[in-house]
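*Asks:*
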Amino acid sequence: MLLRLFLLWGSFLLATVPSFSQSSQLPYRQVCDSIIARFNRDEFKAIYQLADTSFSRTISENKLVTYLKSNRNSGNIIRVVSQQEARGGVLYHLEFEVRDMNMFLKVTLEGKFSSFGLSSVPVSLFTTPPSIASSNALKTDLDQAIDSLVRDYFRDPRAVGLSIGLIKDGRPFMYHYGEIKKESGKLPTPLTGYEIGSVTKTFTALLLAQAVTEKKVTLADDIRRYLPSDYPNLQFGNQPVTLQDLANHTARLPPMPPNIGDQPGYNPSTPEANYDSSLFYGALHAVTLDTLPGYKFDYSNWGMAILGHIVERVYHRPYDQLLKQYITLPLGMNQTSYHQVDEDKKRMALPYTENGKEFSFQAESFLGPAGDIHSNLADMMRYLQAQISEKDPAIRLTHQPTRNNIGLGWGVRNTGSYWDIQHNGSTPGFTTHISAFPELGNGCVILANSKANMGKLILGTQAILKQKK
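Counting in numbering that gives the first Met the number 0, the sequence shown runs from 0 upward without gaps.
1) How about V106 and Y47: do their beta carbons lie closer than 8 Å?
2) Determine the DSSP secondary structure at A451, reduced to helix, strand or coil.
3) Going by CA-CA distance only, name the one from C443, S276 and E94 that's closest to I77.
4) Rank K345, M332, L366 and K214 by C-alpha distance to the C-alpha of H308 and give the top, closest one.
5) Roughly how many angstroms lie between the CA atoms of K344 and N423, to the nearest whole one?
6) So, is Q262 buried or exposed, given that buried needs 16 or more other C-beta atoms within 10 angstroms?
7) Near R71, what residues of its chain come up, given a Cβ to Cβ distance below 6 Å and the 5 sequence neighbours on each side ignored?
8) Can you name the residues that DSSP bridges to F115?
9) Which whole-angstrom value describes the C-beta separation of V149 and L161, a residue pair presumed to lie in contact below a C-beta threshold of 8 Å?
10) With DSSP collapsed to three states, give me the class of K32.
11) Reducing DSSP to helix, strand and coil, say where W8 ends up.
12) Based on the DSSP output, what are the partners of T430 in its beta bridges?
13) Between T188, G169, T139 and K180, which has its C-alpha nearest I163's C-alpha?
14) With 16 as the cutoff for other CB atoms within 10 Å, does T352 come out buried or exposed?
15) If we call anything under 8 Å between Cβ atoms a contact, is G264 one with P350?
16) Go ahead and label Y325 buried or exposed: buried means 16 or more other beta carbons lie within 10 angstroms of its beta carbon, across all protein chains shown.
17) S388 to F43, Cα distance in whole Å?
18) I think P270 touches M255, with their Cβ atoms under 8 Å apart; what is that distance to the nearest whole Å?
19) Of all the options S119, Y152 and S133, which has the alpha carbon lying nearest to the alpha carbon of T127?
20) Check whether the segment 176 to 192 touches the segment 375 to 385, counting contact only when three or more Cβ pairs, one atom from each stretch, lie closer than 8 Å.
21) If you check the beta carbons only, do D371 and Y337 fall under 8 Å apart?
22) Quick check on DSSP: helix, strand or coil for G39?
23) L396 CB to nearest chain D CB: under 8 Å?
24) Would you be able to state if there are at least three C-beta pairs under 8 Å between the segment 311 to 327 and the segment 60 to 71?
25) By how many angstroms is the C-alpha of Y230 removed from the C-alpha of R312?
26) Can you check whether the CB of I222 is closer than 8 Å to the CB of L205?
27) Does DSSP put T287 in a helix, in a strand, or in coil?
28) Would you kindly report the start and end of the unbroken beta strand (DSSP E) that includes S81?
29) Evaluate E194 with the Cβ neighbour count: other Cβ atoms within 10 Å of its Cβ, from every protein chain shown; 16 or more gives buried, anything less gives exposed.
30) Since V211 contacts L383 with CB under 8 Å, what's their CB separation in whole angstroms?
31) Alpha carbon to alpha carbon, how far is D25 from D99?
32) By DSSP, does Q466 sit in helix, in strand, or in coil?
33) Counting only runs that start and end within the segment 349 to 395, where is the alpha helix (DSSP H) found for 4 or more residues in a row?
34) Report the rounded CA-to-CA distance for Q29 versus V97, giving the unit in angstroms.
35) Taking the beta strand (DSSP E) that E194 falls in, what are its first and last residues?
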């Protein structure tokens, strides 16, 4: 399999062999330069033309093209940072726009690659946590437990700023660490803004649930009832895609529209920026389902964006107005909104990419219902409390499992004694998490303005919330 081979090639990082001669270095330099140029021009099939037959016998053109496209959201390759000989080939450290990656090559004397792969550059963690500014008073066991987890998170050199909120035993706790901008010395506050990325999907699913509770739609409705033209392709056999299929990622749609690169001014590091309704619905006309919808989970930003625009058509009102009427206004989330204006940007923490570069905020996009909301810790704590209390019947509906441990927009899991409800979010410069445990009365929100890995922090915080009184 392609990915297995790439993972194997990615393991060649440290092994070395005797130095190559000058004559053998030239084909490597030429192939490396050609791959970079063609990758940056989206000429993925042209990269396959550089392959030796020993490679092409094992890996098809389609597999390589699919793999390269999956890495295109790293942006353009800016430069070769370094190179070293490894296992009979060369390992290149490449700087992309939003992350760094390693590229492994074996090249024949005829100037064809016999091995090729991309892998993440391992992050070198600080041995001990660095000194980080914090609002944590360190007065209670909870304060100290959170502080220990967060300071371990800041061993990742990519970490910049972090806001973490917990509701435990019915009481709210908020902590802030780091900076809203590198070298600024400014600590985040409860009102500091963050992009919440795919946590937006839980808001979109909640708007669908609201329409269900108002009996405007049912989850079993064929989505074509709410689309602007005919889509005979949106079924497999006689089984159509339903609203529930969009909300639980079983619609058999790809993660992003296949024509995402056809937009004017396309930038792979911000692929949604200029994607408009014409391209959006054009892609929907062209897509073909490969099997019955409603069964197999395949995470789809596109599917959730379709759902958001269907809700707009059901209510005959734009998404931002529905968000305000049904969610942010009732919950008092006064600084949570769908599209940023200049005033919003003044409150935002600055975003930082995986390779530590300051990045731009997300642009307004027709794919927005999948990930364009921005918020702050104070507002997200109100949203979290609503998820824990489950007083709203629409919220309760989103928490009901449908298939594959998925509710409507949420990951849901029955542990046997309580329900675990959660979602992660990510944009090029922000990372987000929300967990709710309604039966325990506990939950957490974590917001960060970097791509530092928060997996260990999430698990540690959840462990605290799952402890018995």
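Note that the Cβ used here is the ideal one computed from N, Cα and C, for glycine as well.
*Replies:* In terms of the structure at hand:
1) Start at 1 with the first residue of the sequence shown, and residue 106 comes out as number 107. Start at 1 with the first residue of the sequence shown, and residue 47 comes out as number 48. No Cβ-Cβ contact shorter than 8 Å links V106 with Y47.
2) On the sequence shown, position 452 is the one that residue 451 refers to. Residue state for A451 is assigned as coil, using DSSP reduced to three classes.
3) Counting from 1 along the sequence shown, the entry for residue 77 is found at position 78. Looking from the CA of I77, the closest CA among C443, S276 and E94 belongs to E94.
4) Position 309 of the sequence shown, counted from the start, is the residue given in the question as residue 308. Closest option to H308, Cα to Cα, is L366.
5) Indexing the sequence shown from 1 puts residue 344 at position 345. Indexing the sequence shown from 1 puts residue 423 at position 424. Whole-angstrom Cα-Cα distance: 22 Å.
6) As a first step, residue 262 is located in the sequence shown; it is residue number 263 there, counting from the start. Answer is buried; the Cβ neighbour count reaches 16.
7) Taking the first residue of the sequence shown as 1, we reach residue 71 at position 72. The answer, listed in chain order, is P267.
8) Translated into the one-based positions of the sequence shown, residue 115 becomes position 116. The partner list for F115 (beta bridge, DSSP) reads L104.
9) Within the sequence shown, the letter at position 150 stands for residue 149. Within the sequence shown, the letter at position 162 stands for residue 161. Confirmed, Cβ separation roughly 6 Å.
10) Here residue 32 refers to the residue found at position 33 of the sequence shown. The sequence given here has Asp at residue 32, not Lys. D32: helix per DSSP, three-state reduction.
11) For this step, residue 8 is matched to residue 9 along the sequence shown. Note on W8: pLDDT 37, under 50, position unreliable in the model; no value is reported.
12) Along the sequence shown, one-based indexing puts residue 430 at 431. Answer is S425 and A447, bridged to T430.
13) Walking along the sequence shown from the start, residue 163 turns up at place 164. Nearest of T188, G169, T139 and K180 to I163, Cα basis: T188.
14) Sequence index remark: in the sequence shown, residue 352 carries index 353 (1-based). Burial of T352 is indicated by the presence of at least 16 other C-beta atoms within 10 angstroms of its C-beta.
15) Stepping through the sequence shown from its first residue, residue 264 is reached at position 265. Stepping through the sequence shown from its first residue, residue 350 is reached at position 351. No, they are not a contact pair.
16) The residue given as residue 325 occupies position 326 in the sequence shown. By the 10 Å Cβ count, Y325 comes out buried.
17) Within the sequence shown, numbered from 1, the residue matching residue 388 stands at position 389. Within the sequence shown, numbered from 1, the residue matching residue 43 stands at position 44. Straight-line Cα distance between these residues: approximately 50 Å.
18) As a first step, residue 270 is located in the sequence shown; it is residue number 271 there, counting from the start. As a first step, residue 255 is located in the sequence shown; it is residue number 256 there, counting from the start. The pair is a contact, with the Cβ atoms about 7 Å apart (cut-off 8 Å).
19) Position 128 of the sequence shown, counted from the first residue, corresponds to residue 127. Comparing Cα positions, the closest option is Y152.
20) As far as the Cβ criterion goes, the segment 176 to 192 touches the segment 375 to 385, which means the pair count is three or higher.
21) Here residue 371 refers to the residue found at position 372 when the sequence shown is read from its first residue. Here residue 337 refers to the residue found at position 338 when the sequence shown is read from its first residue. Contact: yes.
22) Working through the sequence shown from its first residue, we reach residue 39 at position 40. This sequence places Asn at residue 39; Gly is not what is there. N39 falls in the helix class under three-state DSSP.
23) Any reference to chain D falls outside this structure, which holds one protein chain only.
24) Counting Cβ pairs under 8 Å, fewer than three are found: no touch.
25) Taking the sequence shown and counting its residues from 1, the one referred to as residue 312 is at position 313. Taking the sequence shown and counting its residues from 1, the one referred to as residue 230 is at position 231. Between R312 and Y230, the alpha-carbon positions lie close to 16 Å from each other.
26) Against the sequence shown, residue 205 aligns to sequence position 206. Against the sequence shown, residue 222 aligns to sequence position 223. Using a Cβ distance threshold of 8 Å, L205 and I222 do not count as a contacting pair.
27) Taking the first residue of the sequence shown as position 1, residue 287 is located at position 288. Secondary structure of T287 (DSSP, three-state): coil.
28) Locating residue 81 in the sequence shown gives position 82, counting from the first residue. Here the beta strand (DSSP E) through S81 covers I76 to A85.
29) What you label residue 194 is simply residue 195 of the sequence shown in a count that begins at 1. With at least 16 other beta carbons inside 10 angstroms of its own, E194 counts as buried.
30) As a working mapping, residue 211 is identified with position 212 in the sequence shown. As a working mapping, residue 383 is identified with position 384 in the sequence shown. In fact, because the Cβ distance is near 22 Å, the residues do not count as touching under 8 Å.
31) Sequence index remark: in the sequence shown, residue 25 carries index 26 (1-based). Sequence index remark: in the sequence shown, residue 99 carries index 100 (1-based). Residue 25 is actually Leu in this sequence, not Asp. Distance between the alpha carbons of L25 and D99: 24 Å.
32) To locate residue 466, count along the sequence shown from 1; it is residue 467. For Q466, the secondary structure class from DSSP, reduced to helix, strand or coil, is coil.
33) As far as the segment 349 to 395 is concerned, its whole alpha helix (DSSP H) runs of at least 4 residues are 376 to 388.
34) Walking along the sequence shown from the start, residue 29 turns up at place 30. Walking along the sequence shown from the start, residue 97 turns up at place 98. If you take the alpha carbons of Q29 and V97, they lie about 25 Å apart.
35) Along the sequence shown, one-based indexing puts residue 194 at 195. It spans G192 to E194 - the beta strand (DSSP E) in which E194 sits, taken as one unbroken run.
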